Amino acid sequence: MPVLEQEWNRFYIGDYEQLIQILKSSTENMEQRKQLMFRTLLVLGQYQTVVNQISERDSSELLAIQLVAKYHLGDKIQVTEEAKQFLRNHETTPVVSVAIGTVLYEQDLLEDALVLVSKHPRDLECVGLAVQTLLKMNRLDLAQQQIQQLKTWADDAPLAQLIETWPALYSAQADQFQQAFYVYEELIAFHAHNPKLLTGQAVCQMHRGFYEEAESLLKMALHKNSSNVDALANMIVCSSALLKSDVAQQCLSHLSQVAPSHPLVVDLQTKDVLFDRAAVQYN
């Protein structure tokens, strides 16, 4: 059994608050606990805390995680170059590959990210990032191949189930949307009604055209955490589809405050600027 398997599963399904309490309750396997703690803080957007609490004396894995935090806080181009240099000076373990691969992915250096994580074809997190990268490259066919290979060796671990839903939602096939919905339904039944899983299920419902059902799920997610970035972003989309522009605008305003660099916020701001420029031509 992998070290801290249950704790890692809590991380993958988004049970962050409970996970933090569990990690603080013991000093066994401290390196793994630190990795999990700092990874959780990254998800929660506490980048400065991660930077401050990891020192140059720490492991390569922790230093790689620190680079992810620095990427979100500072000059993204400079930190990306630091990440590339880091790879030249450190062993590319699975954790290092996922952390640095995430920086490359965010910077749209997709081929570099894919080459890096492909070094560990039987590590679930590396496979997950490979699938995300292939989907971002619009290579659904290759992402589906990754899933087929995954099924030959991975068990029914929560992360493996989640990875399988991503190409399904990308596929534009109704039966795949329904299958992804059932995966989230099962994870919620066996684990927790947390914002991550509720939002994932809501995305499935929107793909199926069930926007009112998606709205209910997103309301539940935001009730649990009103600043959850994924729930806010998807509520904007869902509310717009339901012609509830006031709700969409409220969520956009909140999302802009808690995650000003979120892709949806940046995209909408860019479109506003382009619209204003075009409008000037007709004034």
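Heads up, the sequence shown is in our numbering, so the first residue is 1 and it goes up one at a time. For glycine and all other residues, C-beta sits at the position ideal for the given N, C-alpha and C. Predicted model, so just to flag it, every value in this text is computed and none were measured.
A233 places its beta carbon 7 Å or farther from that of A214. Look at the beta carbons and you see the segment 44-55 not touching the segment 78-85: under three pairs across the two are nearer than 8 Å. Cβ contact annotation for A99 (same chain, cutoff 7 Å, sequence separation greater than five): A64, I65, L67 and V68, in chain order. A contact between stretches requires three or more CB pairs, one per stretch, nearer than 8 Å, and the segment 134-153 fails this requirement with the segment 24-40.
Restricted to the segment 173-202, not a single beta strand (DSSP E) segment is unbroken, complete and at least 3 residues in length. If you draw a 10 Å sphere on the C-beta of P158, you find 16 or more other C-beta atoms in it, and that means buried.
With a 10 Å radius around the Cβ and a threshold of 16 neighbouring Cβ atoms, S226 comes out exposed.
Taking the Cα positions, L217 is about 6 Å away from L198.
Out of S171, D230, L187 and R33, the CA that lies nearest to the CA of V258 is found in D230. Residue environment: T80 is assigned as buried (16 or more neighbouring CB atoms within 10 Å of its CB, all protein chains considered). For M37, the uninterrupted alpha helix (DSSP H) segment begins and ends at M30 to V43.
For H72, the three-state secondary structure derived from DSSP is helix. Taking all protein chains in view, the Cβ of M206 is crowded by 16 or more other Cβ atoms within 10 Å, so the residue is classified as buried. The DSSP-derived three-state label of F210 is coil.
By the neighbour-count definition (other C-beta atoms within 10 Å, threshold 16), G14 is a buried residue.
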